[in-house]
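Participant: Supplied in structure tokens, the structure appears directly below.
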Amino acid sequence: MQIEVLKSKIHRVTVTEADLDYIGSITIDEALMEAANIIENERVDVYNITNGERFSTYAIKGERGSGVIGINGAAAHKALVGNLLIIASYCQLDFEEAKKWHPTVIFPENNKLK
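Structure (structure tokens):
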């Protein structure tokens, strides 16, 4: 049996840009993606702490060290500049393997690694 478990989480980052005219996705500082074990084009769920909105999209690399968290396309209606977010990704594991699994969770300060 396979179950879905948390793979990666970026906890409490701030939206730095929102672009309705972009095709879609979320732009994440490449250093944050790397630290959280999230790869480009990976599906992520975005939880908006500020307004309660939730949506799924895919991650794209932003400039390393920039602190960028950009909401692109239609999702820009769900998160405004200054909103606090949690970004999470999940994976499927065998039930027994999942019992031993430990996700990667990072807690950036001001959108940068500590």
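Take the sequence shown: its letters are residues 26 to 139, numbered as in our numbering.
Glycine included, C-beta positions come from ideal geometry on N, C-alpha and C.
All figures in this text were calculated on a predicted structure; none of them were measured in a lab.
#1: Is it true that the CB of N108 sits closer than 7 Å to the CB of D44?
#2: Cβ of A56 within 7 Å of Cβ of G95?
#3: Give every residue of the same chain whose Cβ lies closer than 6 Å to the Cβ of E29, excluding the five residues on either side of it in the sequence, and list them in chain order.
#4: Alpha carbon to alpha carbon, how far is R37 from I131? Give it in angstroms, no decimals.
#5: Mind checking which residues open and close the beta strand (DSSP E) that includes F80?
#6: The beta strand (DSSP E) that contains L110, what's its start and end?
#7: For my contact list, I53 and A84 are in at a C-beta cut-off of 8 Å; report their separation, rounded to the angstrom.
#8: Helix or strand or just coil, what does DSSP make of F36?
#9: Assign M58 to buried or exposed, taking buried as 16 or more other Cβ atoms, counted over all protein chains shown, within 10 Å of its Cβ.
#10: Looking only at DSSP bridge pairs, what is V71 linked to?
#11: Flag this pair as yes or no: are the beta carbons of I51 and T82 separated by less than 7 Å?
Facilitator: By the coordinates alone:
#1: What you label residue 44 is simply residue 19 of the sequence shown in a count that begins at 1. What you label residue 108 is simply residue 83 of the sequence shown in a count that begins at 1. Taking 7 Å as the Cβ cut-off, D44 and N108 do not qualify as a contacting pair.
#2: By one-based count along the sequence shown, residue 56 stands at place 31. By one-based count along the sequence shown, residue 95 stands at place 70. Not closer than 7 Å, so no.
#3: For the purposes of this step, residue 29 is taken as residue 4 along the sequence shown, with counting starting at 1. So the list reads Y115 and Q117, once near-sequence residues are dropped.
#4: On the sequence shown, position 106 is the one that residue 131 refers to. On the sequence shown, position 12 is the one that residue 37 refers to. Taking the CA atoms as reference points, I131 sits about 9 Å from R37.
#5: What you label residue 80 is simply residue 55 of the sequence shown in a count that begins at 1. Taken as a continuous stretch (DSSP letters only), the beta strand (DSSP E) holding F80 covers R79 to G87.
#6: Counting from 1 along the sequence shown, the entry for residue 110 is found at position 85. Residue range L109 to D119 is occupied by the beta strand (DSSP E) that includes L110.
#7: Translated into the one-based positions of the sequence shown, residue 53 becomes position 28. Translated into the one-based positions of the sequence shown, residue 84 becomes position 59. Yes, I53 and A84 are in contact; Cβ-Cβ is about 5 Å, under 8 Å.
#8: Along the sequence shown, one-based indexing puts residue 36 at 11. According to the sequence as given, residue 36 is His; it is not Phe. Looking at H36 - three-state DSSP - the assignment turns out to be strand.
#9: As a first step, residue 58 must be located in the sequence shown, where it is residue number 33. With 16 or more other Cβ atoms within 10 Å, it is buried.
#10: In the sequence shown, the residue the question calls residue 71 occupies position 46. Bridge partners of V71: F80 and I112.
#11: Along the sequence shown, one-based indexing puts residue 51 at 26. Along the sequence shown, one-based indexing puts residue 82 at 57. By the CB criterion at 7 Å, I51 and T82 fall inside the cutoff.
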